[in-house]
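The structure appears right after this line, and notes come after that.
There are 2 protein chains.
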Amino acid sequence: MNVVNESPRRKELTRLAAQLFVQEGFDRTTVRMLAQEMGIKSGSLFHHFRDKQEILAAVIEEGTQNALSIARQALESCEDSAEARLHAMARAHLETLLTDRNAHVVALYEWRRLDAESRSHLSHLRDAYEALWERVIDEALEAGLIRGDRFLVSRFVMGALNWTVRWYDPEGPRKPEDLAHELIAMIAPSTHAAQARSTKV
Amino acid sequence: MNVVNESPRRKELTRLAAQLFVQEGFDRTTVRMLAQEMGIKSGSLFHHFRDKQEILAAVIEEGTQNALSIARQALESCEDSAEARLHAMARAHLETLLTDRNAHVVALYEWRRLDAESRSHLSHLRDAYEALWERVIDEALEAGLIRGDRFLVSRFVMGALNWTVRWYDPEGPRKPEDLAHELIAMIAPSTHAAQARSTKV
DNA sequence: GGTTTACACTAGCGCTTGCTTGGTTGATCT
DNA sequence: AGATCAACCAAGCAAGCGCTAGTGTAAACC
Chain A
1 MNVVNESPRR KELTRLAAQL FVQEGFDRTT VRMLAQEMGI KSGSLFHHFR
51 DKQEILAAVI EEGTQNALSI ARQALESCED SAEARLHAMA RAHLETLLTD
101 RNAHVVALYE WRRLDAESRS HLSHLRDAYE ALWERVIDEA LEAGLIRGDR
151 FLVSRFVMGA LNWTVRWYDP EGPRKPEDLA HELIAMIAPS THAAQARSTK
201 V
Chain B
202 MNVVNESPRR KELTRLAAQL FVQEGFDRTT VRMLAQEMGI KSGSLFHHFR
252 DKQEILAAVI EEGTQNALSI ARQALESCED SAEARLHAMA RAHLETLLTD
302 RNAHVVALYE WRRLDAESRS HLSHLRDAYE ALWERVIDEA LEAGLIRGDR
352 FLVSRFVMGA LNWTVRWYDP EGPRKPEDLA HELIAMIAPS THAAQARSTK
402 V
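Which chain is which? The protein sequence lines are A and B, in order.
If you number the first sequence the way my numbering does, the last residue is 201 and the count never jumps.
If you number the second sequence the way my numbering does, the last residue is 402 and the count never jumps.
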């Protein structure tokens, strides 16, 4: 019978599903396409997942969990200044786009295809991630690193970062490190990062 | 027979379609749902549009055309300083989200469901709009209003602005004017806008 | 006053969809 | 050696899909 466990097989299938969801979109991806990509028949798919919705939820959960743990780890292992923490968060965020790009694209584009219960479960995860951001931005505001409305600044920054999935090319010359620097230089021009940049160019 | 004209009836139907596409997503919206919303039977729909794809293209074209003409008008009727032009663009962008929100959400989320020919036609329109942005940002860079990499700054700004469709509440206290001010204050802290803000708060 | 045109209807074809059912296989455990 | 179990398959159902064909009708035009 079908299970809700976390078998390694299921994780691999989730990874493949994420790729197809990005290529085709959730609604256009049929269970037959998913099965073929996985090397099994469409019926066998429902041994691993209750229904198609559950595959989508699994993809998004996987990606968000990873982003959350990477961000937490980055915050723990960086210097304690507001600037260092802001930079660590931006860099962590961009690095997950390298390693988990598919899952994040799905989370951004197909969120609304989740049913009500998956959505409420996953929105807690997402809230936890965004809370990390708001806290780091609060610290930056208090330190006078940046200024402006707390709510608006965090939304603008999240927007700029999330939008990167649209244009960022991991094969290109720009590394996540560079993007993080440039973003912080843009919103906090009085930092070391900004000065290093503006004299270099 | 079905036509490709621009009858007022077709425009009204396009507006209704945009709303449904936002609520349900393009793939989940059936021609029967569209017809019901329009008060006709599903077969009658194909008198106005060749196929379902064409409805999507019509929605996106309408929204992009409006954004483009509003932006051009804003640039023509504003002061000639780099700061004024940047502000005019940001404000125009946010105001189209008020008046044409549905169409823009569709353009952002359902772009990939366009077939090849619609996509190539519409991407010219979108490029024209983004070119306006790049030019204004170039001017701001030259004027020393902001600093940083031309490519990255424009992507970050577009990201922050486009992301607003996710959280912006037109009924709330913040007006497009305010958002535009705040965004510019964030990326160009030495402007009048920034000083007015930071002393006021 | 006859023809055309715009817009709508009814009915349904051919196909695809997500998912179910009942059964087979090979490895693991006792 | 027998039992258990995860993993898979073949076959197909019921529902829904985009779209077409053929027809009706009221207004507009010549």
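All residues carry an ideal CB built from backbone N, CA and C; glycine is no exception.
Against chain A, the beta carbon of A236(B) has no neighbour under 8 Å; the closest one sits roughly 20 Å away. DSSP places P209(B) inside the alpha helix (DSSP H), whose first and last residues are 209 to 225.
Note that the C-beta distance between R101(A) and P176(A) is not below 8 Å. The C-beta of R113(A) has 16 or more other C-beta atoms within 10 Å across all chains shown, which makes the residue buried.
Every alpha helix (DSSP H) stretch that sits fully inside the region 264 to 340 of chain B and reaches 4 residues is listed by chain position as 283 to 300, 302 to 310.
In the three-state DSSP reduction, T365(B) falls in the helix class (H, G or I). Excluding the 5 residues flanking it on each side, W133(A) has same chain C-beta neighbours closer than 8 Å at M89, S154, V157, M158, in chain order. In the three-state reduction of the DSSP assignment, R155(A) falls in the helix class. Taking a Cβ-Cβ cut-off of 7 Å, the neighbours of F357(B) in chain A comprise A160, L183, M186, given in sequence order.
Bounds of the alpha helix (DSSP H) holding A236(B) are 232 to 239. In the displayed model, I347(B) falls within coil according to three-state DSSP, outside both helix and strand. The beta carbon of V59(A) sits no closer than 8 Å to any beta carbon of chain B. Taking a Cβ-Cβ threshold of 7 Å, the residues of chain A close to V354(B) are M186, in chain order. Taking one beta carbon from each stretch, the region 316 to 334 of chain B and the region 123 to 139 of chain A have fewer than 3 pairs nearer than 8 Å; the two do not touch. DSSP places D379(B) within a helical segment (H, G or I) once states are collapsed to three. Each of L152(A), V136(A), A17(A), M33(A) was checked against the Cα of E61(A), and the nearest Cα belongs to A17(A). When only Cα atoms are considered, I137(A) and L145(A) end up about 9 Å apart. If you look at H249(B), you'll find it isn't in any alpha helix (DSSP H); DSSP assigns it neither H nor E. Remark: C-beta atoms of A272(B) and H305(B) do not approach each other more closely than 8 Å. Contact with chain A is found for R348(B), since one of that chain's Cβ atoms lies less than 8 Å from the residue's Cβ.
Secondary structure of A58(A) (DSSP, three-state): helix. A straight-line Cα-Cα distance of about 43 Å links P189(A) and I55(A). Excluding the 5 residues flanking it on each side, S243(B) has same chain C-beta neighbours closer than 6 Å at V232, R233, A236, in chain order.
Residue contact with chain B for R32(A): absent (no Cβ-Cβ distance below 8 Å to any residue of chain B). For F352(B), the closest alpha carbon among the candidates N267(B), R336(B), H382(B), E311(B) is that of R336(B). Residues of chain B with a Cβ closer than 8 Å to the Cβ of G25(A) are, in chain order, D228, R313, R314.
The Cβ neighbour count for H288(B), taken over all protein chains shown within 10 Å, is at least 16; the residue is labelled buried. The shortest C-alpha to C-alpha distance from E83(A) to any of D51(A), D178(A), L141(A) is the one to L141(A).
Using a CB distance below 7 Å, no part of the region 40 to 64 of chain A faces chain B.
For T96(A), no CB of chain B lies under 8 Å from its own CB, so it is not counted at the interface with that chain.
Spanning the alpha carbons of L68(A) and I184(A) requires a straight line of approximately 21 Å. Using a CB distance cut-off of 8 Å, Y109(A) counts as an interface residue toward chain B. Among the CB atoms of chain B, none fall inside 8 Å of the CB of P170(A).
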